[in-house]
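Following: one structure in structure tokens, then a few remarks.
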Amino acid sequence: MKKKTPSGQPSTDEDSLAELALDHPLPKLILEHRTLSKLKSTYTDKLPRSINPNTGRVHTTYSQTTAVTGRLSSNEPNLQNIPIRTPAGRRIRSCFIAPPGSKIVSADYSQIELRIMAHLSGDENLRRSFAEGEDIHRATAAELFGVPLTGVEPEHRRVAKVINFGLIYGMSSFGVAQNLGIDRGTAQTYVERYFQRYPGSKRYMDETRKRAKELGYVETVFGRRLWLPELRSGAPVRRQAAERAAINAPMQGTAADLIKLAMIAVQRWLDETHAKAKLIMQVHDELVLEVPDAELEATQAKVRELMQGVHRLDVPLVVEVGVGENWDQAH
DNA sequence: TTTAATGGCGCG
DNA sequence: AAAGCGCGCCATTAAA
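Here the first sequence stands for residues -8 to 322, numbered as in the numbering used here.
Here it is, written out as structure tokens:
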């Protein structure tokens, strides 16, 4: 056992058990049990108890003053962590349904944090990819592996996706290696090649760390600040954690600012047009509406337009809209 | 019985 | 010495 918890106990988290599962049959069974019991205890058992008898609906509470980046948070119950990544999880999501004569409409920003990185960094290559509507992970893979867009293998794209997301989080080459299950040297090579191909991105990361340390805070495109006193901590662990937060916050926070503006624009339009459609949920980069069939076409088009046009960045904002009887189908 | 800490895991 | 950001909530354990 290599990995330890903060208190020094051997870790039994998913990664650790997955590793043990290569040599023993039991860990896999434990992981399957964990997955199912998580879904049962947190969602299947709990959500029905959250139904308000007066409305027949589940009502969450959003907080505007909890998340340091400016995101909303959702509690009692949390409707921002409803499962979607596994078939069993999606069955839970499919229980969020529209009443007869209405549909669920889901509108989500595509790759919004990477687009914001392109905007903030001004990286020409990144900007061009988004301007031309390329699949960004595919484009990054093509750069990393020196192949044309049409020659990108799924495995290449998977590597590129880890690196793209890792950058948003301030991940090191060690983290890339860990995540991909490759050796550190290879991971280091990928990261170096990434920064060669996207030099503006490299410049932005360095500049953000430097500026953040001087000022003691970072800010979003709209000026929302996150103060990070630990950037000057003498404890390397704390200081480096603050540096990663400093890298991430302008991107996560700008995305939060944008969707809040979009929510205001969408609700204003609904009010002004006396629409029967309702804005019912927000999940960080996604708005969910309940829409009468008669309003479906107009609502989809207008919500997309309002979200994409909420603010002009140096790259286009793209919104994907889906419709269905339930929340799962709407994706 | 309630509260707090811990480890773990659901989502973006 | 640690190594990926932001949340909320579950079961378990120990303490109040």
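For each residue, glycine too, the CB sits at the ideal point set by N, CA and C.
What you are looking at is a predicted structure, and each value in this text was computed from that prediction instead of being measured.
Report yes if the C-beta distance between residue i and residue j is below 8 Å; otherwise report no.
i	j	result
His147	Ala168	no
Arg230	Glu221	yes
Arg82	Ile73	no
Val274	Gln71	yes
Thr52	Asn66	yes
Gln102	Ile75	no
Val312	Ala98	yes
Leu135	Val153	no
Met196	Ile238	yes
Glu281	Ala268	yes
Asp114	Tyr189	yes
Asp248	Thr211	yes
Leu22	Ala79	no
Leu278	Ala253	yes
Leu140	Glu123	no
Within 10 angstroms of its Cβ, does residue i collect 16 or more other Cβ (buried), or is it exposed?
i	result
Phe165	exposed
Asp276	buried
Ser93	buried
Arg336	There is no way to answer for residue 336, as the model of the chain reaches only from -8 to 322.
Ser192	buried
Asp319	buried
Glu234	buried
Val138	exposed
Leu219	buried
Gly157	buried
Ala236	buried
Asn43	exposed
Asn69	exposed
Ala321	buried
Asn45	exposed
Glu183	exposed
Leu217	buried
Thr199	buried
Thr290	buried
Glu205	exposed
Glu104	buried
Ala226	exposed
Going by the DSSP bridge assignment, what does residue i pair with across the sheet?
i	result
Thr52	Asn66
Trp218	Tyr208
Leu280	Val96, Leu270
Val301	Answer is none; Val301 lacks a bridge partner.
Lys(-5)	Pro1
Ile42	Val49
Glu311	Asp99
Asn317	Ile88
Based on Cα-Cα distance, which residue from the options lies nearest to residue i?
i	options	result
Tyr100	Arg259, Thr245, Ala268, His265	Thr245
His24	Glu5, Leu287, Leu13, Ile42	Glu5
Arg48	Lys204, Ala232, Cys86, Gly300	Cys86
Leu111	Glu183, Gly207, Ala240	Ala240
Glu316	Asn45, Pro1, Asn43, Ile95	Ile95
Trp260	Ile238, Glu296, Gly142	Glu296
Ala50	Leu27, Leu20, Met272	Reading off the sequence, residue 50 comes out as His, not Ala. Minimum Cα distance to His50 is reached at Met272.
Gln243	Arg223, Ile159, Arg200	Ile159
Val257	Glu144, Val301, Leu27, Ser64	Val301
Arg194	Gly172, Met108, Ala321, Asp262	Met108
Lys201	Leu270, Glu144, Arg223, Pro(-3)	Arg223
Gly161	Gly225, Leu17, Tyr34, Ala232	Ala232
Ala285	Ala266, Gln299, Leu270	Ala266
Ala89	Val143, Pro283, Ser28	Pro283
Lys19	Thr56, Tyr34, Thr3	Thr3
Using only the heavy atoms of the ligand NAD, determine whether one of them is closer than 7 Å to the beta carbon of residue i.
i	result
Asp284	Ligands in the displayed structure: none, and consequently the ligand NAD is not present.
Stretch pair the segment -1 to 11 + the segment 52 to 64: three plus CB contacts closer than 8 Å: Taking 8 Å as the limit for Cβ pairs, the verdict is that the segment 52 to 64 does not touch the segment -1 to 11.
For the segment 107 to 127 against the segment 296 to 305, are there 3 or more C-beta pairs whose distance is under 8 Å? yes
Indicate whether the contact test is met: 3 or more Cβ pairs, each with one atom in the segment -7 to 4 and one in the segment 32 to 39, closer than 8 Å. These segments do not touch.
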